[in-house]
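Chemist: For the sequence shown, this note's numbering begins at 929 and goes up steadily by one.
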Amino acid sequence: MDSKPPSPEVLSMETSTRDDSYFRIRYNDKVKYVVVTRGTFNSDELCLPLYSLPPLPYEDDGWTVARVSRNPGSPQLQFVLENRPLQGVKEIWHPEQVDCLALKRVQRLTMNVSECTRKGQEAPQSTVIAKIARFEWEIPRIEQEGHVYRLLQDTDIGPQFLGHVVEQGRIIGFVLEKLHGKSASIEHRARCTEVLGRLHRLGLLHGDVNRHNFMVGDGWTKMIDFEKYKETQDEGLFKAEVSSLSSELEDESGRGAGFL
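#1: I want to know whether the segment 981-993 touches the segment 1009-1028 - three or more CB-CB distances under 8 Å.
#2: Do Pro1068 and Ile1152 count as a contact pair if the criterion is CB distance below 8 Å?
#3: Take every Cβ of the segment 1071-1080, pair it with every Cβ of the segment 1151-1165, and state whether three or more of those distances are shorter than 8 Å.
#4: Can you tell which of Leu978, Glu1043 and Val964 has its C-alpha closest to the C-alpha of Val1008?
#5: Please check the pair Val1134 and Ser1111, which I expect to be a contact at CB under 8 Å, by giving their CB distance rounded to whole angstroms.
#6: With respect to the beta strand (DSSP E) encompassing Asp1027, which residues constitute its N-terminal and C-terminal limits?
#7: Taking the alpha-carbon positions, what's the Lys1158 to Ile1085 distance?
#8: Quick check: the Cα distance between Ala1058 and Ser949, rounded to an integer number of angstroms?
#9: For a test of the three-state rule: what should DSSP assign to Ala1112, helix, strand or coil?
#10: Suppose you measure from the CA of Ser971 to the CA of Gly1184; what does that come to, to the nearest Å?
#11: Is it buried or exposed for Arg952, if we count other Cβ within 10 angstroms and need 16 for buried?
#12: Could you have a look at Ile1099 and say whether DSSP puts it in helix, strand or coil?
#13: On the DSSP bridge assignment, give the partners of Val1056 in chain order.
#14: Note the first and the last residue of the continuous alpha helix (DSSP H) segment covering Phe1166.
#15: With distances taken between CB atoms, is the gap from Tyr955 to Tyr979 smaller than 8 Å?
#16: Which value, in whole angstroms, describes the spacing of the CA atoms of Phe1187 and Leu984?
#17: So which of Glu1095, Ser1172 and Gly1101 has the shortest CA-CA distance to Val959?
#18: Given this structure, state the Cα-to-Cα distance separating Ala1168 from Leu1130, to the nearest angstrom.
#19: Using only alpha-carbon positions, find the residue among Leu1090, Asn1138 and Val1144 that is nearest to Leu1173.
#20: What does the Cβ neighbour count give for His1128, buried or exposed, with the cut at 16 atoms within 10 Å?
#21: Roughly how many angstroms lie between the CA atoms of Arg1119 and Lys1150, to the nearest whole one?
#22: For Glu1115, which option in Gly967, Ser1175 and Arg1126 has the closest C-alpha, if you only look at C-alpha atoms?
#23: Helix, strand or coil for Gln1015 per DSSP?
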């Protein structure tokens, strides 16, 4: 008896009724990208793309991106397949590479950050943090943050960088150790000032010192989320960042907390 073919699975989506919509879709051991032209689907159809998309040849290795559209005034969907290389992170400095499909999500923290385990290593202590570029326009941010972790090796300022995340031969993200602590508050001001000062002495401005970007635990304080960092020797910028700490640590608005 023939086995049932695998079903496509939406891994990521960015939808809009005013602009093109983007989908990252897994089919078996492949990842495909689908762009739906603005006006092709209504908002309900965009929320359930696998019911709305035409039957695409997901099993075919000859394409990476499908562009789906509808001729004006016609109910007929059409698609064009493109086989082009997708942009990836160029700075590859860590020896470890983890296939994105070997990561099993435990909890989504933000749109592109998740707590994960590696398949076959599902014990709670093996949970890691995976941060990926869902789509090509997010690659520069991942590239920038991956670079700062290279600069922070052996400093104990941030979480340990465990390796790059690879998707079909290109680097799209990285894996970090999970910090078992909590977000800082005003009572941790001295500890946060100390770790921020160590970052500044390396010539690095964090760029977003909201309290959720400081993690505190028993005897340790670390920083996370370096997407907005800047390499500089401007003492005025360093002083301004330190001066903003008190108000940031007192902020209870939830800014920077992700989905938690």
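Glycine is no exception: its CB is placed at the ideal position from the N, C-alpha and C atoms.
Modeler: The structure says:
#1: Counting Cβ pairs under 8 Å, three or more are found: they touch.
#2: For the purposes of this step, residue 1152 is identified with residue 224 of the sequence shown, where counting begins at 1. For the purposes of this step, residue 1068 is identified with residue 140 of the sequence shown, where counting begins at 1. No.
#3: Touching, per the Cβ criterion.
#4: Here the question's residue 1008 lines up with position 80 in the sequence shown. Of Leu978, Glu1043 and Val964, the smallest CA-CA separation from Val1008 is found for Val964.
#5: Residue numbering aside, residue 1134 sits at position 206 when the sequence shown is read from its first letter. Residue numbering aside, residue 1111 sits at position 183 when the sequence shown is read from its first letter. It should be noted that the sequence gives His, not Val, for residue 1134. With a Cβ gap of about 15 Å, His1134 and Ser1111 do not count as contacting.
#6: Within the sequence shown, numbered from 1, the residue matching residue 1027 stands at position 99. From DSSP, the beta strand (DSSP E) with Asp1027 extends over Gln1025 to Asp1027.
#7: Working through the sequence shown from its first residue, we reach residue 1158 at position 230. Working through the sequence shown from its first residue, we reach residue 1085 at position 157. Their Cα atoms are separated by approximately 16 Å.
#8: On the sequence shown, position 130 is the one that residue 1058 refers to. On the sequence shown, position 21 is the one that residue 949 refers to. Note on geometry: alpha-carbon atoms of Ala1058 and Ser949 lie some 24 Å from one another.
#9: The residue given as residue 1112 occupies position 184 in the sequence shown. Ala1112 carries a coil assignment under DSSP once its states are collapsed to helix, strand and coil.
#10: As a position in the sequence shown, residue 971 is number 43, starting the count at 1. As a position in the sequence shown, residue 1184 is number 256, starting the count at 1. The alpha-carbon of Ser971 is positioned some 28 Å away from that of Gly1184.
#11: As a working mapping, residue 952 is identified with position 24 in the sequence shown. By the Cβ neighbour-count rule, Arg952 is buried, with 16 or more other Cβ atoms within 10 Å of its own.
#12: Taking the first residue of the sequence shown as position 1, residue 1099 is located at position 171. DSSP places Ile1099 in strand when its eight states are reduced to three.
#13: Stepping through the sequence shown from its first residue, residue 1056 is reached at position 128. Answer is Cys1044 and Glu1105.
#14: Translated into positions along the sequence shown, residue 1166 becomes position 238. In the DSSP assignment, Phe1166 falls within the alpha helix (DSSP H) that extends over Glu1163 to Ser1171.
#15: Counting from one through the sequence shown, the residue named residue 955 turns up at place 27. Counting from one through the sequence shown, the residue named residue 979 turns up at place 51. Between Tyr955 and Tyr979, the C-beta spacing is not below 8 Å.
#16: For the purposes of this step, residue 1187 is taken as the residue at position 259 of the sequence shown. For the purposes of this step, residue 984 is taken as the residue at position 56 of the sequence shown. Bear in mind that the predicted position of Phe1187 carries a pLDDT of just 42, short of 50, making it unreliable; the figure below should be weighed with that in mind. For Phe1187 and Leu984, the gap between their C-alpha atoms comes out near 33 Å.
#17: Counting from 1 along the sequence shown, the entry for residue 959 is found at position 31. Minimum Cα distance to Val959 is reached at Glu1095.
#18: Locating residue 1168 in the sequence shown gives position 240, where the first residue counts as 1. Locating residue 1130 in the sequence shown gives position 202, where the first residue counts as 1. Going by C-alpha positions, Ala1168 is about 17 Å away from Leu1130.
#19: Counted from its first residue, the sequence shown places residue 1173 at position 245. Selected option, being the one with the closest Cα: Asn1138.
#20: Mapped onto the sequence shown, residue 1128 falls at position 200. Buried, because 16 or more other Cβ atoms sit within 10 Å of the Cβ of His1128.
#21: Within the sequence shown, residue 1119 is the residue found at index 191, counting from 1. Within the sequence shown, residue 1150 is the residue found at index 222, counting from 1. Separation of Arg1119 and Lys1150 (C-alpha to C-alpha, rounded to the nearest whole angstrom) is 9 Å.
#22: As a first step, residue 1115 must be located in the sequence shown, where it is residue number 187. The residue with the shortest Cα to Cα distance from Glu1115 is Ser1175.
#23: Working through the sequence shown from its first residue, we reach residue 1015 at position 87. Coil at Gln1015, not helix or strand.
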